[in-house]
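These notes are about the structure you will find just below.
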Amino acid sequence: NAGVTQTPKFQVLKTGQSMTLQCAQDMNHEYMSWYRQDPGMGLRLIHYSVGAGITDQGEVPNGYNVSRSTTEDFPLRLLSAAPSQTSVYFCASSSGTGVTEAFFGQGTRLTVV
Amino acid sequence: SQQGEEDPQALSIQEGENATMNCSYKTSINNLQWYRQNSGRGLVHLILIRSNEREKHSGRLRVTLDTSKKSSSLLITASRAADTASYFCATLGGNNRLAFGKGNQVVVIP
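Heads up: the protein sequence lines correspond to chains D and L, in order. Its first residue numbered 1, the first sequence is counted upward by one per residue in the numbering used here. Its first residue numbered 1001, the second sequence is counted upward by one per residue in the numbering used here.
This is the structure we're talking about:
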């Protein structure tokens, strides 16, 4: 059972570069979300989607874009990486909008130099 | 803004002891969830308690919810070394977004 799969696991970017963090789930979940985790800050919501074709901003959306063309995939794009985006990124999915448990990927550790 | 705030932030206990963590929140909620995160891994769901529930059990876990005080507690009984992890509470509010606290680090000493 794959669950939620994130790639890559580690990434180093130079300031100004762009990249896409991939997230895929095989549980046919409607709700998917992206969080970033920084020391002492817990998890902060970046963007989320309640279904294919529908996305919305979370708590810290600046500098990130998302799209949801299929139920399975929810990529997160960094448009022009900045050192402040150095963080661990987690993708999560659930069958409803938080009514049930969320399933998390293993995370992507991103360093921007 | 962070919805949940866990207290205490770090806890070190001997194997076999009980571990208690608290979480407070600020706005009305639909449910409150607890997650565990082992070092370098993703979060794993432990237990969910709805706003109309006061207590819930799952194995060695006991969760309470006091909506009048906007607080919850997670009790792990008879702790094991494998319980060493960070524990997060998360609240689901009216905006249907899951908001996480900053986490409790628990170390269980064998």
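All residues carry an ideal CB built from backbone N, CA and C; glycine is no exception. Just so you know, these numbers come straight off a predicted model, no measurement behind them.
Residue span of the beta strand (DSSP E) that contains residue i, given as start and end
i	result
alanine 1099 of chain L	1098 to 1100
methionine 32 of chain D	31 to 38
threonine 1091 of chain L	1085 to 1092
tyrosine 89 of chain D	87 to 94
asparagine 1022 of chain L	1019 to 1024
leucine 1043 of chain L	1043 to 1050
C-beta neighbour in chain L for residue i, strict 7 angstroms
i	result
leucine 202 of chain D	Lying before the first or after the last residue shown, residue 202 of chain D is absent from chain D, which here runs from 1 to 113.
glycine 51 of chain D	no
leucine 78 of chain D	no
glycine 107 of chain D	yes
glycine 63 of chain D	no
glutamate 101 of chain D	yes
phenylalanine 104 of chain D	yes
phenylalanine 74 of chain D	no
phenylalanine 10 of chain D	no
leucine 45 of chain D	yes
Contacts that residue i makes with chain L (C-beta to C-beta distance below 7 angstroms)
i	result
methionine 122 of chain D	Missing from the structure shown is residue 122 of chain D; chain D here goes from 1 to 113 and no further.
tyrosine 48 of chain D	Arg1097
methionine 41 of chain D	Lys1102
Beta carbon proximity, residue i to chain D, threshold 7 angstroms
i	result
lysine 1102 of chain L	yes
glycine 1042 of chain L	yes
valine 1108 of chain L	no
isoleucine 1013 of chain L	no
Listed by chain order, chain L residues near residue i by CB distance under 8 angstroms
i	result
leucine 110 of chain D	Near leucine 110 of chain D there are no residues of chain L at all, since even the closest Cβ is about 14 angstroms away, more than 8 angstroms.
glycine 58 of chain D	Arg1097
Beta-carbon neighbours of residue i, restricted to chain D and to distances below 7 angstroms
i	result
histidine 1057 of chain L	Result: empty, since nearest Cβ-Cβ is about 16 angstroms, beyond 7 angstroms.
Nearest residue (CA-CA) to residue i, options the options
i	options	result
valine 1108 of chain L	L:Thr1027, L:Leu1043, L:Ala1078, L:Arg1097	L:Ala1078
glycine 107 of chain D	L:Asn1030, L:Asn1096, L:Thr1027, L:Val1044	L:Val1044
lysine 9 of chain D	L:Gly1040, L:Ile1029, L:Gly1016, L:Leu1061	L:Gly1040
glycine 63 of chain D	D:Asp73, D:Glu72, D:Met19	D:Met19
asparagine 1096 of chain L	L:Leu1046, L:Leu1061, L:Pro1110, L:Ser1028	L:Ser1028
alanine 1082 of chain L	L:Gln1014, L:Ala1010, L:Gln1009	L:Gln1014
valine 1074 of chain L	L:Ala1010, L:Leu1011, L:Cys1023, L:Asn1052	Looking at the sequence itself, residue 1074 of chain L is leucine, so the reference to valine does not match. Taking only the C-alpha atoms, the option nearest leucine 1074 of chain L is L:Cys1023.
glutamine 37 of chain D	D:Tyr89, D:Phe74, D:Glu101, D:Gly105	D:Tyr89
Assigned exposure category for residue i - 16 Cβ within 10 Å defines buried
i	result
aspartate 1066 of chain L	exposed
isoleucine 54 of chain D	exposed
glutamine 1033 of chain L	buried
Under 8 angstroms from the C-beta of residue i: neighbouring residues of chain D
i	result
glutamine 1048 of chain L	What sits at residue 1048 of chain L in the sequence shown is leucine, not glutamine. Within 8 angstroms Cβ-Cβ: Thr100, Glu101.
- request: For the stretch 1015 to 1033 of chain L, enumerate the residues whose C-beta is nearer than 8 angstroms to any C-beta of chain A, in chain order.
  value: Reference to chain A is not applicable here, since the protein chains of this structure are D and L.
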